[in-house]
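Remarks on the structure that follows.
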Amino acid sequence: MKHRNLGILFILAVFAATVFAVSFVSPAMAADDKVFQWKFQSHHTPGSLAVESVIKPFIERVEKMSGGRLKISLHYAGELVDYAEVDKALQANMIQIANTSSLFFRGAIPMGWVTAPSMPPFVTRNNDEFNELFHHRGMDDLVAEALEERGIHYLGCHSVGNTYFWSKKPINTLEDLKGFKIRFFGSMSDFVEHFGASPVMLPHPETYMAIAMGTLDGSGTAWWLYRDLKLYEVCKYFIGPAFQVPQGMELWASKKAWDELPADLQAIVTTASLAFNTDYMDAVTMEEREMFNKSFKEWGTTYSEFSPEEVTRITNEFTLPYLDKISEEQGKKDPRVIKAIEIIKQFMKDYGYIK
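Here the sequence shown stands for residues 274 to 628, where the numbers follow the working numbering.
The following block contains the structure:
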(Lines of atoms letter the chains of each structure in order from A and count residues from 1; the text may use other names and numbers.)
(Lines give C-alpha, C1' and ligand atoms only; values in the text may rest on other atoms or scores of the structure.)
Protein backbone atom coordinates (compact mmCIF):
# COMPACT_ATOMS: atom_id res chain seq x y z
CA MET A 1 0.00 0.00 0.00
CA LYS A 2 2.93 2.30 0.63
CA HIS A 3 3.99 2.33 -3.01
CA ARG A 4 0.34 2.57 -4.07
CA ASN A 5 -0.21 5.67 -1.95
CA LEU A 6 2.99 7.22 -3.24
CA GLY A 7 1.76 6.64 -6.79
CA ILE A 8 -1.49 8.46 -6.08
CA LEU A 9 0.36 11.33 -4.42
CA PHE A 10 2.67 11.56 -7.42
CA ILE A 11 -0.26 11.89 -9.84
CA LEU A 12 -1.83 14.55 -7.64
CA ALA A 13 1.46 16.42 -7.51
CA VAL A 14 1.81 16.35 -11.28
CA PHE A 15 -1.76 17.55 -11.66
CA ALA A 16 -1.16 20.40 -9.21
CA ALA A 17 1.98 21.38 -11.09
CA THR A 18 0.02 21.34 -14.34
CA VAL A 19 -2.67 23.61 -12.94
CA PHE A 20 0.00 25.95 -11.54
CA ALA A 21 1.80 26.10 -14.89
CA VAL A 22 -1.40 26.70 -16.84
CA SER A 23 -2.37 29.55 -14.50
CA PHE A 24 0.78 31.40 -15.56
CA VAL A 25 0.33 30.98 -19.30
CA SER A 26 1.18 34.12 -21.23
CA PRO A 27 -1.73 36.33 -22.41
CA ALA A 28 -0.96 35.39 -26.01
CA MET A 29 -1.23 31.69 -25.21
CA ALA A 30 -4.33 32.18 -23.09
CA ALA A 31 -5.98 33.94 -25.99
CA ASP A 32 -5.20 31.03 -28.29
CA ASP A 33 -8.41 29.01 -28.26
CA LYS A 34 -7.40 26.66 -31.08
CA VAL A 35 -9.09 23.29 -30.75
CA PHE A 36 -6.96 20.22 -31.50
CA GLN A 37 -8.66 17.07 -32.80
CA TRP A 38 -7.05 13.70 -32.10
CA LYS A 39 -8.05 10.18 -33.09
CA PHE A 40 -7.56 7.43 -30.50
CA GLN A 41 -7.11 3.98 -32.07
CA SER A 42 -8.04 1.48 -29.39
CA HIS A 43 -6.70 -2.07 -29.33
CA HIS A 44 -10.00 -3.14 -27.76
CA THR A 45 -13.61 -3.72 -28.72
CA PRO A 46 -16.78 -1.83 -27.69
CA GLY A 47 -17.96 -2.58 -24.17
CA SER A 48 -14.67 -4.10 -23.03
CA LEU A 49 -13.20 -3.42 -19.62
CA ALA A 50 -10.43 -1.33 -21.18
CA VAL A 51 -12.82 0.86 -23.14
CA GLU A 52 -15.40 1.47 -20.42
CA SER A 53 -13.17 1.73 -17.35
CA VAL A 54 -10.05 3.33 -18.80
CA ILE A 55 -10.10 4.75 -22.33
CA LYS A 56 -13.39 6.64 -22.16
CA PRO A 57 -12.50 8.22 -18.78
CA PHE A 58 -9.08 9.20 -20.21
CA ILE A 59 -10.69 10.95 -23.18
CA GLU A 60 -13.20 12.74 -20.95
CA ARG A 61 -10.45 13.76 -18.52
CA VAL A 62 -8.30 15.30 -21.27
CA GLU A 63 -11.19 17.26 -22.74
CA LYS A 64 -12.27 18.55 -19.32
CA MET A 65 -8.77 19.47 -18.17
CA SER A 66 -8.06 21.23 -21.46
CA GLY A 67 -11.29 23.21 -21.36
CA GLY A 68 -12.32 21.59 -24.63
CA ARG A 69 -9.14 22.60 -26.47
CA LEU A 70 -8.12 18.97 -27.05
CA LYS A 71 -10.88 16.67 -28.25
CA ILE A 72 -10.22 12.98 -28.81
CA SER A 73 -12.48 10.68 -30.84
CA LEU A 74 -12.50 6.98 -29.95
CA HIS A 75 -12.09 4.28 -32.61
CA TYR A 76 -12.35 0.60 -31.75
CA ALA A 77 -10.03 -2.26 -32.68
CA GLY A 78 -9.29 -2.30 -36.40
CA GLU A 79 -11.63 0.59 -37.13
CA LEU A 80 -9.01 2.96 -38.55
CA VAL A 81 -5.95 0.72 -38.90
CA ASP A 82 -5.06 -2.87 -38.15
CA TYR A 83 -3.16 -3.43 -34.90
CA ALA A 84 -0.02 -4.28 -36.88
CA GLU A 85 -0.13 -0.90 -38.67
CA VAL A 86 -0.47 1.33 -35.62
CA ASP A 87 3.20 2.34 -35.61
CA LYS A 88 3.14 3.47 -39.24
CA ALA A 89 -0.17 5.28 -38.76
CA LEU A 90 1.25 7.21 -35.81
CA GLN A 91 4.43 8.04 -37.68
CA ALA A 92 2.32 9.39 -40.56
CA ASN A 93 -0.02 11.22 -38.13
CA MET A 94 -3.03 9.34 -39.58
CA ILE A 95 -3.94 8.66 -35.96
CA GLN A 96 -2.68 10.68 -33.03
CA ILE A 97 -2.80 8.28 -30.08
CA ALA A 98 -3.21 4.55 -29.46
CA ASN A 99 -2.99 1.97 -26.72
CA THR A 100 -0.83 -0.71 -28.25
CA SER A 101 2.04 -3.08 -27.58
CA SER A 102 5.65 -2.90 -28.72
CA LEU A 103 5.38 -6.70 -28.71
CA PHE A 104 3.76 -6.36 -32.15
CA PHE A 105 6.75 -4.46 -33.54
CA ARG A 106 9.74 -6.35 -32.13
CA GLY A 107 11.05 -7.01 -35.63
CA ALA A 108 11.58 -3.29 -36.19
CA ILE A 109 12.16 -2.12 -32.60
CA PRO A 110 14.82 -4.08 -30.68
CA MET A 111 13.68 -2.50 -27.39
CA GLY A 112 10.31 -4.11 -28.06
CA TRP A 113 11.81 -7.35 -26.72
CA VAL A 114 12.22 -5.92 -23.22
CA THR A 115 9.19 -3.69 -22.76
CA ALA A 116 6.36 -4.39 -20.32
CA PRO A 117 4.30 -6.46 -22.82
CA SER A 118 7.30 -8.69 -23.56
CA MET A 119 8.39 -9.66 -20.04
CA PRO A 120 9.10 -13.37 -19.49
CA PRO A 121 7.46 -15.06 -16.48
CA PHE A 122 7.98 -13.96 -12.88
CA VAL A 123 10.09 -10.82 -13.39
CA THR A 124 7.71 -8.66 -11.34
CA ARG A 125 5.29 -10.36 -8.96
CA ASN A 126 2.93 -7.63 -7.82
CA ASN A 127 1.69 -4.25 -9.04
CA ASP A 128 4.07 -2.24 -6.87
CA GLU A 129 7.05 -4.07 -8.34
CA PHE A 130 5.82 -3.41 -11.87
CA ASN A 131 5.48 0.27 -11.05
CA GLU A 132 8.98 0.38 -9.58
CA LEU A 133 10.71 -1.45 -12.42
CA PHE A 134 9.16 0.43 -15.32
CA HIS A 135 8.37 3.83 -13.90
CA HIS A 136 11.19 4.35 -11.39
CA ARG A 137 14.21 2.32 -12.50
CA GLY A 138 14.59 3.75 -15.98
CA MET A 139 12.92 1.11 -18.16
CA ASP A 140 10.28 3.46 -19.54
CA ASP A 141 12.95 6.10 -20.21
CA LEU A 142 14.83 3.68 -22.48
CA VAL A 143 11.65 2.77 -24.34
CA ALA A 144 10.80 6.45 -24.79
CA GLU A 145 14.20 7.14 -26.35
CA ALA A 146 13.83 4.28 -28.81
CA LEU A 147 10.33 5.29 -29.89
CA GLU A 148 11.18 8.99 -30.15
CA GLU A 149 13.70 8.08 -32.85
CA ARG A 150 10.85 6.48 -34.79
CA GLY A 151 8.54 9.48 -34.65
CA ILE A 152 6.47 8.21 -31.73
CA HIS A 153 6.02 9.98 -28.40
CA TYR A 154 5.85 7.48 -25.54
CA LEU A 155 3.31 8.14 -22.79
CA GLY A 156 4.26 5.14 -20.70
CA CYS A 157 3.32 1.53 -20.07
CA HIS A 158 0.31 0.38 -18.11
CA SER A 159 -1.22 -2.73 -16.59
CA VAL A 160 -3.84 -4.68 -18.51
CA GLY A 161 -4.27 -7.35 -15.85
CA ASN A 162 -2.35 -10.42 -14.76
CA THR A 163 -1.47 -13.18 -17.23
CA TYR A 164 -2.72 -16.71 -16.62
CA PHE A 165 -3.72 -19.61 -18.84
CA TRP A 166 -6.70 -21.96 -18.84
CA SER A 167 -7.24 -25.50 -20.02
CA LYS A 168 -9.78 -28.19 -20.89
CA LYS A 169 -7.84 -30.62 -18.72
CA PRO A 170 -6.02 -30.38 -15.39
CA ILE A 171 -2.51 -28.88 -15.49
CA ASN A 172 -0.80 -29.45 -12.15
CA THR A 173 2.91 -29.65 -12.99
CA LEU A 174 5.25 -28.53 -15.74
CA GLU A 175 5.30 -32.09 -17.01
CA ASP A 176 1.61 -31.73 -17.88
CA LEU A 177 2.53 -29.12 -20.52
CA LYS A 178 4.02 -31.72 -22.84
CA GLY A 179 1.93 -31.84 -26.01
CA PHE A 180 -0.43 -29.13 -24.70
CA LYS A 181 -1.86 -27.08 -27.59
CA ILE A 182 -2.34 -23.50 -26.43
CA ARG A 183 -3.01 -20.04 -27.78
CA PHE A 184 -0.39 -17.77 -26.22
CA PHE A 185 1.80 -14.81 -27.20
CA GLY A 186 5.37 -13.49 -27.18
CA SER A 187 7.59 -14.66 -24.35
CA MET A 188 4.68 -16.66 -22.89
CA SER A 189 4.65 -18.81 -26.03
CA ASP A 190 8.40 -19.33 -25.71
CA PHE A 191 7.96 -20.28 -22.05
CA VAL A 192 5.37 -23.01 -22.57
CA GLU A 193 7.18 -24.29 -25.66
CA HIS A 194 10.35 -24.67 -23.59
CA PHE A 195 8.46 -27.08 -21.35
CA GLY A 196 6.98 -29.12 -24.20
CA ALA A 197 3.76 -27.33 -25.19
CA SER A 198 2.77 -26.40 -28.74
CA PRO A 199 1.82 -22.70 -28.75
CA VAL A 200 0.05 -20.90 -31.60
CA MET A 201 -0.95 -17.27 -32.09
CA LEU A 202 -4.65 -16.77 -32.77
CA PRO A 203 -6.97 -13.74 -32.55
CA HIS A 204 -8.87 -13.80 -29.28
CA PRO A 205 -12.36 -14.11 -30.84
CA GLU A 206 -11.30 -17.34 -32.57
CA THR A 207 -10.06 -19.14 -29.46
CA TYR A 208 -13.45 -20.26 -28.12
CA MET A 209 -14.31 -22.26 -31.24
CA ALA A 210 -10.77 -23.62 -31.58
CA ILE A 211 -10.95 -24.99 -28.03
CA ALA A 212 -14.51 -26.26 -28.41
CA MET A 213 -13.58 -28.11 -31.62
CA GLY A 214 -10.47 -29.62 -30.06
CA THR A 215 -7.97 -27.74 -32.22
CA LEU A 216 -6.59 -26.22 -29.02
CA ASP A 217 -6.44 -27.48 -25.44
CA GLY A 218 -6.46 -24.01 -23.92
CA SER A 219 -5.34 -20.40 -24.18
CA GLY A 220 -3.70 -17.69 -22.13
CA THR A 221 -3.53 -13.92 -21.80
CA ALA A 222 -4.83 -11.28 -19.36
CA TRP A 223 -7.35 -12.93 -17.02
CA TRP A 224 -10.39 -10.90 -18.08
CA LEU A 225 -10.44 -12.45 -21.56
CA TYR A 226 -11.31 -15.73 -19.84
CA ARG A 227 -14.38 -14.00 -18.44
CA ASP A 228 -15.39 -11.73 -21.31
CA LEU A 229 -15.02 -14.39 -24.04
CA LYS A 230 -16.84 -16.93 -21.83
CA LEU A 231 -13.92 -19.32 -22.12
CA TYR A 232 -14.97 -20.79 -18.78
CA GLU A 233 -17.59 -22.67 -20.80
CA VAL A 234 -14.90 -24.70 -22.58
CA CYS A 235 -11.97 -24.48 -20.13
CA LYS A 236 -12.78 -25.52 -16.57
CA TYR A 237 -9.18 -25.32 -15.31
CA PHE A 238 -7.47 -21.99 -14.60
CA ILE A 239 -3.71 -22.14 -13.99
CA GLY A 240 -1.42 -19.83 -12.03
CA PRO A 241 0.28 -18.29 -10.26
CA ALA A 242 0.08 -15.19 -12.44
CA PHE A 243 2.98 -15.39 -14.88
CA GLN A 244 3.12 -11.69 -15.74
CA VAL A 245 2.12 -9.39 -12.89
CA PRO A 246 0.78 -7.57 -14.66
CA GLN A 247 0.70 -7.99 -18.41
CA GLY A 248 1.55 -4.60 -19.89
CA MET A 249 0.57 -2.47 -22.84
CA GLU A 250 1.58 1.06 -23.78
CA LEU A 251 0.20 4.44 -24.72
CA TRP A 252 1.78 5.91 -27.87
CA ALA A 253 1.22 9.28 -29.55
CA SER A 254 2.24 10.67 -32.91
CA LYS A 255 5.35 12.81 -32.36
CA LYS A 256 4.14 15.20 -35.04
CA ALA A 257 0.81 15.67 -33.27
CA TRP A 258 2.54 15.91 -29.91
CA ASP A 259 4.95 18.60 -31.05
CA GLU A 260 2.02 20.66 -32.35
CA LEU A 261 0.45 20.86 -28.90
CA PRO A 262 1.26 23.86 -26.70
CA ALA A 263 3.12 23.07 -23.49
CA ASP A 264 0.06 23.25 -21.26
CA LEU A 265 -1.82 20.65 -23.33
CA GLN A 266 1.24 18.39 -23.35
CA ALA A 267 1.28 18.61 -19.55
CA ILE A 268 -2.42 17.76 -19.40
CA VAL A 269 -2.04 14.67 -21.62
CA THR A 270 0.98 13.54 -19.58
CA THR A 271 -0.98 13.87 -16.34
CA ALA A 272 -4.01 12.08 -17.79
CA SER A 273 -1.71 9.27 -18.95
CA LEU A 274 -0.59 8.66 -15.37
CA ALA A 275 -4.23 8.34 -14.37
CA PHE A 276 -4.77 6.00 -17.35
CA ASN A 277 -2.38 3.50 -15.75
CA THR A 278 -3.95 3.91 -12.32
CA ASP A 279 -7.50 3.48 -13.67
CA TYR A 280 -6.50 0.33 -15.55
CA MET A 281 -4.63 -1.21 -12.63
CA ASP A 282 -7.49 -0.49 -10.22
CA ALA A 283 -10.14 -1.95 -12.52
CA VAL A 284 -8.33 -5.17 -13.36
CA THR A 285 -7.21 -5.73 -9.77
CA MET A 286 -10.67 -5.34 -8.25
CA GLU A 287 -12.45 -7.34 -10.93
CA GLU A 288 -9.88 -10.15 -10.82
CA ARG A 289 -10.47 -10.46 -7.09
CA GLU A 290 -14.20 -10.71 -7.72
CA MET A 291 -13.63 -13.44 -10.30
CA PHE A 292 -11.59 -15.54 -7.87
CA ASN A 293 -13.94 -14.99 -4.93
CA LYS A 294 -17.28 -15.30 -6.69
CA SER A 295 -17.30 -16.16 -10.38
CA PHE A 296 -15.16 -19.31 -10.27
CA LYS A 297 -17.78 -20.96 -8.05
CA GLU A 298 -20.57 -19.95 -10.42
CA TRP A 299 -18.67 -21.19 -13.49
CA GLY A 300 -17.42 -24.41 -11.92
CA THR A 301 -13.82 -23.36 -12.55
CA THR A 302 -10.99 -25.15 -10.74
CA TYR A 303 -7.92 -23.05 -9.93
CA SER A 304 -4.48 -24.61 -9.51
CA GLU A 305 -0.93 -23.27 -9.25
CA PHE A 306 2.51 -24.47 -10.13
CA SER A 307 4.47 -25.08 -6.93
CA PRO A 308 7.02 -22.55 -5.58
CA GLU A 309 9.74 -25.00 -6.64
CA GLU A 310 8.42 -24.97 -10.21
CA VAL A 311 8.22 -21.16 -10.19
CA THR A 312 11.92 -21.16 -9.28
CA ARG A 313 12.59 -23.69 -12.02
CA ILE A 314 10.78 -21.55 -14.61
CA THR A 315 12.74 -18.49 -13.48
CA ASN A 316 16.15 -20.18 -13.62
CA GLU A 317 15.61 -22.54 -16.53
CA PHE A 318 13.66 -20.24 -18.85
CA THR A 319 13.45 -16.58 -17.80
CA LEU A 320 17.16 -15.92 -17.15
CA PRO A 321 18.42 -17.72 -20.30
CA TYR A 322 15.70 -15.95 -22.29
CA LEU A 323 16.90 -12.55 -21.08
CA ASP A 324 20.53 -13.47 -21.83
CA LYS A 325 19.57 -14.53 -25.34
CA ILE A 326 17.71 -11.27 -25.99
CA SER A 327 20.66 -9.28 -24.66
CA GLU A 328 23.06 -11.06 -26.99
CA GLU A 329 20.88 -10.98 -30.11
CA GLN A 330 19.12 -7.62 -29.80
CA GLY A 331 21.85 -5.76 -27.93
CA LYS A 332 23.88 -5.74 -31.14
CA LYS A 333 21.13 -3.71 -32.78
CA ASP A 334 20.44 -1.35 -29.88
CA PRO A 335 22.70 -1.10 -26.79
CA ARG A 336 19.70 0.10 -24.79
CA VAL A 337 18.52 -3.52 -24.77
CA ILE A 338 21.65 -4.54 -22.84
CA LYS A 339 21.10 -1.71 -20.37
CA ALA A 340 17.44 -2.70 -19.93
CA ILE A 341 18.31 -6.31 -19.15
CA GLU A 342 20.93 -5.18 -16.65
CA ILE A 343 18.18 -3.17 -14.92
CA ILE A 344 15.81 -6.17 -14.95
CA LYS A 345 18.39 -8.56 -13.50
CA GLN A 346 19.43 -6.13 -10.78
CA PHE A 347 15.79 -5.66 -9.89
CA MET A 348 15.25 -9.43 -9.61
CA LYS A 349 18.37 -9.74 -7.43
CA ASP A 350 17.19 -6.94 -5.17
CA TYR A 351 13.94 -8.82 -4.56
CA GLY A 352 15.65 -12.17 -4.07
CA TYR A 353 14.19 -13.81 -7.17
CA ILE A 354 17.61 -14.67 -8.57
CA LYS A 355 21.10 -14.89 -7.08
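All C-beta atoms in this analysis are idealised placements derived from N, C-alpha and C, irrespective of residue type, glycine included. These numbers were taken from a predicted model, which means no experiment stands behind them.
- Taking 8 Å as the cut-off, the Cβ atoms of N399 and V518 count as close.
- Residue state for R398 is assigned as coil, using DSSP reduced to three classes.
- L322 is not a Cβ neighbour of A545, given a cutoff of 8 Å.
- Here the alpha carbons of D607 and T388 stand approximately 14 Å from one another.
- Take E590, set aside five residues on each side of it, and the residues of its chain with a beta-carbon closer than 8 Å to its own are H467, in chain order.
- Shown here, V507 sits in coil according to DSSP, grouped into three states, outside any helix or strand.
- Per DSSP, N372 is not a residue of any alpha helix (DSSP H); the beta strand (DSSP E) it occupies stretches across 370-373.
- Counting along the chain, S462 sits inside the alpha helix (DSSP H) bounded by residues 459-467.
- In the structure shown, the three-state DSSP call for Q310 is strand.
- Where F331 is concerned, the enclosing alpha helix (DSSP H) starts and stops at 329-338.
- Closest option to I587, judged by alpha-carbon separation, among S568, M367, A365, T446: T446.
- The segment 488-505 and the segment 379-393 do not touch, with fewer than three beta-carbon pairs separated by less than 8 Å.
- Beta-bridge partners assigned by DSSP to E578: G513.
- Between the segment 524-533 and the segment 422-431 there are three or more C-beta pairs closer than 8 Å, enough to call the two in contact.
- The segment 355-443 contains, as complete alpha helix (DSSP H) runs of 4+ residues, the segments 359-364, 400-409, 412-421 (chain order).
- Counting along the chain, T588 sits inside no alpha helix (DSSP H), nor does DSSP assign it H or E at all.
- Of all C-beta pairs linking the segment 570-578 to the segment 498-512, three or more are shorter than 8 Å, placing the two stretches in contact.
- Distances from the CA of G452 to each of S460, G459, K442 were compared; the closest alpha carbon is that of K442.
- In this model, W497 and E479 are separated by some 16 Å (Cα to Cα).
- DSSP places W525 inside the beta strand (DSSP E), whose first and last residues are 521-527.
- Less than 8 Å divides the Cβ of L353 from the Cβ of Q314.
- Here T558 carries a helix assignment [DSSP, helix/strand/coil].
- Residue burial is scored here from C-beta neighbours: V396 has at least 16 other C-beta atoms within 10 angstroms and is therefore classed as buried.
- In the structure shown, A470 falls within a coil segment according to DSSP collapsed to helix, strand and coil.
- Remark: C-beta atoms of V327 and D501 do not approach each other more closely than 8 Å.
- The C-beta distance from L538 to R342 rounds to 6 Å, short enough to fall under 8 Å.
- Here K312 has S346, H348, L353, I368, Q369 as same chain residues with Cβ atoms under 7 Å from its own Cβ, once five neighbours each way along the sequence are excluded.
- In the DSSP annotation of this structure, T480 is not part of any beta strand (DSSP E); the continuous alpha helix (DSSP H) holding it starts and ends at 477-485.
- Following the DSSP letters along the chain, one finds L343 inside the beta strand (DSSP E) bounded by residues 343-348.
- With a threshold of 16 other beta carbon atoms within 10 Å, Q603 meets it and is buried.
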